[in-house]
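In the working numbering, the protein residues as written are 9 to 452.
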């Protein structure tokens, strides 16, 4: 399987004429102030992008400069060209108009550009923060983009409705479908823990340079193999030093490529050195894999030195479990890349974790477990406002992600979320895979 088949995040582009609130909408969805918001038209001159997750659906959000009907400056032409390039990249488009000002020739020009892109789109009538503006939004039907969705990015009104329609337009990520393709396994860890030696021992070839000099691997190397009839792609990566220890230039570039490989992978094989394991940097690297929502297998290399180091397997397992409490039920392998001990267990274990990572739970079984857990231990409320969960469903796999509709998502404490996750793991497994729970207001 060629690594070009790695599924990128789908892209949603926000477009429209100047000063309709595109950057305000971008900031609302991103949750952080990336784009400058100003009453001065044309403040955003270039594209701004960030990765976002909404109801468990990851995507990349693009903000753009305003599309003007008659650009009077060369800069406006460049803004239009940037917007056209954003439309080329987009899988779905949010065309933003101003419900307070009403329809203008600039809106027609922007709508024409969106139509010619032939990309699926949703019309967002922004600044609709009262009933009159909601009613006035109907005039934007004339743009030919479809039904306007009244929203107010500033007041967080109608945003959930807008996003529900946009996400429905996105293609299903290939990584979320188990189509018999290769399982991608990123081999990660600190420098000189034996990542390249492990790769060579598994494949039986000198694909990666092995050297006692830390940092020998500067770039990510893809190696394709077959294990018991299943295709596997191993991504050997550069060692990750502690933040601030990486040298400028090639080494920092290598670190960026390693992070990209973790995102490309289904499973991260976290390699540690038996001579010095469960270090602070080991937990940081495992944290990167957890943040990326990848499956994880912990690999303790150089286990041939265990007797010399007075290491006992049960004691090491206990230390690892305590150090990596944020990784639930992650499998741990003890291997020696030098002697070959236990090496061939890794491909099979990675395939098992991938199966958990892509597991689909039947809806009836999911409801039985979740509502049974809620009945046994209802979520604590605040005053006269007890939380009620109305519906639960799985939205995506890779990792398994579940959406729960409730009247009060803000009252679902972190500890209760962990309680529900633990009940799901007890019922369905998910060993080595993250599980994501999202709570949203409403019955549907």
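Ideal Cβ placement from N, Cα and C applies to all residues, glycine included.
Q) So residue 351 packs on residue 374, CB below 8 angstroms; how close in whole Å? A) Here residue 351 is taken as the residue at index 343 of the chain shown, counted from 1. Here residue 374 is taken as the residue at index 366 of the chain shown, counted from 1. Actually they are not in contact, since the Cβ atoms of residue 351 and residue 374 sit about 37 angstroms apart, beyond 8 angstroms.
Q. Is residue 291 helix, strand or coil when you go by DSSP?
A. Reading the chain shown from its first residue, position 283 is the one you call residue 291. Reduced to three states, the DSSP call for residue 291 is helix.
(Q) Let me confirm a value: residue 70 is counted as buried when at least 16 other C-beta atoms fall within 10 Å, else exposed. Which label applies? (A) For the purposes of this step, residue 70 is identified with residue 62 of the chain shown, where counting begins at 1. The residue is buried, with at least 16 neighbouring Cβ atoms inside 10 Å.
Q. Would the beta-carbon of residue 174 fall within 7 angstroms of that of residue 130?
A. The residue labelled residue 174 in the question sits at position 166 within the chain shown. The residue labelled residue 130 in the question sits at position 122 within the chain shown. Yes, Cβ-Cβ distance for residue 174 and residue 130 is below 7 angstroms.
Q | Validate contact between the segment 109 to 125 and the segment 197 to 214 using beta carbons, cut 8 angstroms, 3 pairs | A | no
Q.
Which of the three DSSP states is assigned to residue 278 in this structure?
A. Within the chain shown, numbered from 1, the residue matching residue 278 stands at position 270. Residue 278: strand per DSSP, three-state reduction.
(Q) Please report the distance separating the alpha-carbon of residue 281 from that of residue 420. (A) As a first step, residue 281 is located in the chain shown; it is residue number 273 there, counting from the start. As a first step, residue 420 is located in the chain shown; it is residue number 412 there, counting from the start. If you take the alpha carbons of residue 281 and residue 420, they lie about 40 angstroms apart.
**Q.** Minimum C-alpha distance to residue 328 - residue among 354, 315 and 290
**A.** Taking the chain shown and counting its residues from 1, the one referred to as residue 328 is at position 320. Closest option to residue 328, Cα to Cα, is 290.
Q | Distance, residue 297 Cα to residue 340 Cα | A | Position 332 of the chain shown, counted from the start, is the residue given in the question as residue 340. Position 289 of the chain shown, counted from the start, is the residue given in the question as residue 297. The straight-line gap from Cα to Cα measures roughly 15 angstroms.
**Q.** Where residue 398 sits in the DSSP three-state scheme
**A.** As a position in the chain shown, residue 398 is number 390, starting the count at 1. Residue 398 carries a strand assignment under DSSP once its states are collapsed to helix, strand and coil.
**Q.** With 16 other Cβ atoms within 10 Å as the buried cut-off, status of residue 283
**A.** If you number the chain shown from 1, residue 283 lands on position 275. Classification for residue 283: exposed.
Q. Is the number of C-beta pairs between the segment 410 to 424 and the segment 387 to 399 that are closer than 8 angstroms three or more?
A. yes
Q: State the DSSP-derived secondary structure class of residue 130, mapped to helix, strand or coil.
A: By 1-based counting over the chain shown, the position of residue 130 is 122. If DSSP states are grouped into helix, strand and coil, residue 130 belongs with the strands.
Q: Please specify which runs of the beta strand (DSSP E), each continuous and at least 3 residues long, are wholly inside the segment 88 to 120, giving them in chain order.
A: 100 to 106
(Q) Please state the DSSP three-state secondary structure of residue 337. (A) In the chain shown, the residue the question calls residue 337 occupies position 329. It is coil, neither helix nor strand.
Q | Under the three-state DSSP convention, the category residue 439 falls into | A | Stepping through the chain shown from its first residue, residue 439 is reached at position 431. Coil at residue 439, not helix or strand.
Q | Between the CA atoms of residue 140 and residue 446 - distance to the nearest angstrom | A | Here the question's residue 446 lines up with position 438 in the chain shown. Here the question's residue 140 lines up with position 132 in the chain shown. When rounded, the distance between both Cα atoms is 33 angstroms.
Q: Report the option in 408, 362 and 429 whose CA atom is closest to the CA atom of residue 194.
A: Position 186 of the chain shown, counting from 1, holds the residue named residue 194. That would be 362, whose Cα lies nearest to the Cα of residue 194.
Q) Does the segment 143 to 163 touch the segment 57 to 64, meaning 3 or more C-beta pairs lie closer than 8 angstroms? A) No contact exists between the segment 57 to 64 and the segment 143 to 163.
Q: Taking the CB atoms as reference points, tell me whether residue 134 and residue 157 lie closer together than 7 angstroms.
A: Position 126 of the chain shown, counted from the first residue, corresponds to residue 134. Position 149 of the chain shown, counted from the first residue, corresponds to residue 157. Contact flag unset, no.
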